[in-house]
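Residue numbers (the numbering used here), protein chains in the order written: chain A, 258 to 583; chain B, 258 to 583.
For glycine and all other residues, C-beta sits at the position ideal for the given N, C-alpha and C.
What follows is a set of notes on a single structure, which appears directly below.
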């Protein structure tokens with residue numbers, strides 16, 4: 258794992274696709290074509306704090322790993338990010354989160370009703386943008402991924418409050434709600450650049466590994482992160498009865514864990530105690546090691562990528578996913 | 258306007274497309290492919306109380322007005338209904354509605370979080386079903402319609418509580434949130450059957466008129482309907498500050514109207530008083546007459562449909578939209 262400052266800097270990692278990322282940013286607010294002043298405010302809020310743009314970057318890097326970036330790449334990058342943005346807006350409503358990307362969430366600023374509808378607006382725009390590209394197979398890939406994201410979110414709700422949640426079930430939720438969209442971003446990038454089936458599979462495998470690791474680390478940061486660094490509300494998983502990998506491991510390893518988890522979930526003042534216990538018990542390390550394993554798989558998957566600069570960027574991006582503090 | 262019992266019976270009106278409607282019903286629960294037991298329960302709830310299936314019927318009748326029904330008609334009927342179902346689930350969350358199709362709403366049975374996510378599940382399934390049909394133009398039509406539905410819902414939220422809401426703005430909201438999807442259902446039915454541009458335009462115009470009238474009547478029923486007949490929570494528009502056509506007319510016609518509207522919105526016990534005032538002032542009749550005008554336009558639009566049985570069914574369906582009590 259590399260930890261040098263340069264490797265943690267997304268701008269540096271995205272350098273080989275800087276032009277594509279600029280096209281993406283320009284297109285993102287344009288393609289959401291606001292209808293009237295009110296929707297315009299919501300679109301401006303949704304597009305102004307940029308976020309990591311991980312999925313568009315995965316798509317462009319995978320395209321460049323194979324060949325040329327086409328207009329269709331940009332359109333599908335916009336559609337993938339719009340799907341992701343829709344799920345974030347709805348997640349913040351469901352989690353009653355107040356902070357995202359260091360700013361008040363949409364639900365805080367405009368209320369739950371406008372936020373639910375704006376999430377729908379983003380979903381349907383994703384559909385419209387993807388439809389207009391005229392790439393049938395790519396369309397089917399992104400549509401299937403969007404369905405799986407929603408299935409993952411529903412599975413998570415179904416398992417809420419389940420202190421016996423098996424690790425396998427947790428991994429299934431993470432795969433559907435996060436890894437599938439990252440995998441699809443890579444698959445789309447490769448397919449639209451005319452990749453051979455082997456190479457498409459390799460890049461899709463990379464995306465899946467990065468997506469799994471990304472979510473596992475996200476779940477860890479929700480427990481031990483620093484709100485000033487992550488820029489979003491923390492501790493919401495526990496409050497909402499969503500037990501993630503460190504908690505699942507802790508519950509399995511320590512007979513007294515259930516009591517402490519319940520106390521911390523019910524009253525935030527016990528969260529510090531739980532954090533210490535998760536670190537002392539090795540449960541946090543267990544989760545990070547699971548994430549590192551996925552990153553190892555991801556890197557191994559792209560060994561056959563010939564474009565050196567692009568393979569290096571993909572490797573650095575994989576390391577970033579583990580090392581990031583936000 | 259016909260009012261005989263037969264004309265009010267949707268089964269009778271749908272008789273020429275009975276086989277298509279059966280294919281639709283069978284396909285609807287199948288295509289929502291539940292992932293696991295929990296989602297299975299939600300899908301079963303969403304597909305078991307059938308509703309009017311107005312949009313699939315519009316699509317099939319428009320197809321039959323032109324030619325043959327193809328597999329693509331069934332797929333787009335499923336996609337259009339899934340989009341409609343998604344908006345109903347989210348509307349019930351936003352309206353805090355407790356009753357729909359004479360049963361408890363999803364938000365009552367499974368809570369707001371599962372309902373928001375299940376609405377997303379329906380939206381993304383619509384996208385998947387439509388994508389797999391391989392009809393690019395049809396896909397663009399339905400994608401654009403879905404975007405406009407969301408724009409209409411957001412416009413409505415933006416205008417909430419505006420006692421000066423102009424009638425034109427109300428009509429714009431109705432057009433986007435309801436008429437566009439009905440118009441698209443007709444356009445899709447015609448286009449997929451190979452309609453000439455003139456005929457496609459005529460049927461789309463019919464759908465738009467029916468959709469406008471349907472929503473205006475829906476808004477009237479929310480004020481003067483009977484919950485035992487409509488099978489859904491009433492009075493929610495007023496409580497949520499959504500001023501509809503009878504209210505807009507009443508506010509314009511009577512200087513004392515604003516006070517009564519505010520009292521009825523704040524406290525349901527004044528609703529009876531408001532109902533009487535809306536009827537006595539002619540405001541309710543004004544709204545119904547606007548709906549009848551749209552139905553007149555709709556019928557005029559399909560004068561060139563040669564298939565007599567189908568044209569008769571379309572005319573009866575238009576009458577049903579006005580005469581219905583649920």
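To the nearest angstrom, how far is it from the Cα of residue i to the Cα of residue j?
i: residue 515(B); j: residue 335(B); result: 43 Å
i: residue 308(B); j: residue 375(B); result: 18 Å
i: residue 380(B); j: residue 427(A); result: 25 Å
i: residue 331(B); j: residue 571(B); result: 19 Å
i: residue 272(B); j: residue 568(B); result: 13 Å
i: residue 575(A); j: residue 558(A); result: 12 Å
i: residue 474(B); j: residue 549(B); result: 9 Å
i: residue 351(B); j: residue 561(A); result: 50 Å
i: residue 531(A); j: residue 431(B); result: 52 Å
i: residue 323(A); j: residue 446(B); result: 41 Å
i: residue 564(B); j: residue 454(A); result: 50 Å
i: residue 423(A); j: residue 414(A); result: 15 Å
i: residue 485(B); j: residue 340(B); result: 26 Å
i: residue 291(B); j: residue 270(A); result: 39 Å
i: residue 458(B); j: residue 444(B); result: 7 Å
i: residue 509(A); j: residue 299(A); result: 43 Å
Provide the residue span of the alpha helix (DSSP H) that contains residue i, from first to last.
i: residue 499(A); result: Element bounds for residue 499(A): n/a, residue is neither H nor E.
i: residue 364(A); result: 363-388
i: residue 271(B); result: No alpha helix (DSSP H) contains residue 271(B), which DSSP labels as neither H nor E.
i: residue 472(A); result: 454-481
i: residue 347(A); result: 328-351
i: residue 428(A); result: 424-431
i: residue 601(B); result: Given a span of 258 to 583 for chain B in the structure shown, any question on residue 601(B) remains unanswerable.
i: residue 512(A); result: That residue, residue 512(A), is in no alpha helix (DSSP H); it is neither H nor E in DSSP.
Say whether chain A places a C-beta atom closer than 8 Å to the C-beta of residue i.
i: residue 427(B); result: no
i: residue 581(B); result: no
i: residue 384(B); result: yes
i: residue 292(B); result: yes
i: residue 378(B); result: yes
i: residue 315(B); result: no
i: residue 438(B); result: no
i: residue 373(B); result: yes
i: residue 350(B); result: yes
Within 8 Å (strictly less), CB to CB, does residue i reach chain B?
i: residue 295(A); result: yes
i: residue 407(A); result: yes
i: residue 285(A); result: no
i: residue 414(A); result: yes
i: residue 362(A); result: no
i: residue 332(A); result: no
i: residue 527(A); result: no
i: residue 396(A); result: yes
i: residue 491(A); result: no
Does DSSP put residue i in a helix, in a strand, or in coil?
i: residue 291(B); result: coil
i: residue 491(B); result: coil
i: residue 356(A); result: strand
i: residue 564(A); result: coil
i: residue 419(B); result: coil
i: residue 581(B); result: coil
i: residue 559(B); result: coil
i: residue 538(B); result: coil
i: residue 309(A); result: coil
i: residue 573(B); result: helix
i: residue 450(B); result: coil
i: residue 524(B); result: coil
i: residue 297(B); result: helix
Please confirm whether residue i and residue j have their CB atoms less than 8 Å apart.
i: residue 544(A); j: residue 477(A); result: yes
i: residue 498(A); j: residue 525(A); result: no
i: residue 385(B); j: residue 400(A); result: yes
i: residue 437(B); j: residue 555(B); result: no
i: residue 346(A); j: residue 355(A); result: no
i: residue 312(A); j: residue 338(A); result: yes
i: residue 433(A); j: residue 416(A); result: no
i: residue 579(A); j: residue 541(A); result: no
i: residue 303(A); j: residue 342(A); result: yes
i: residue 440(B); j: residue 464(B); result: yes
i: residue 501(A); j: residue 494(A); result: yes
i: residue 442(A); j: residue 551(A); result: no
i: residue 306(B); j: residue 360(B); result: yes
Would you say the beta carbon of residue i is closer than 7 Å to some non-hydrogen atom of the ligand PLP?
i: residue 516(B); result: Ligands in the displayed structure: none, and consequently the ligand PLP is not present.
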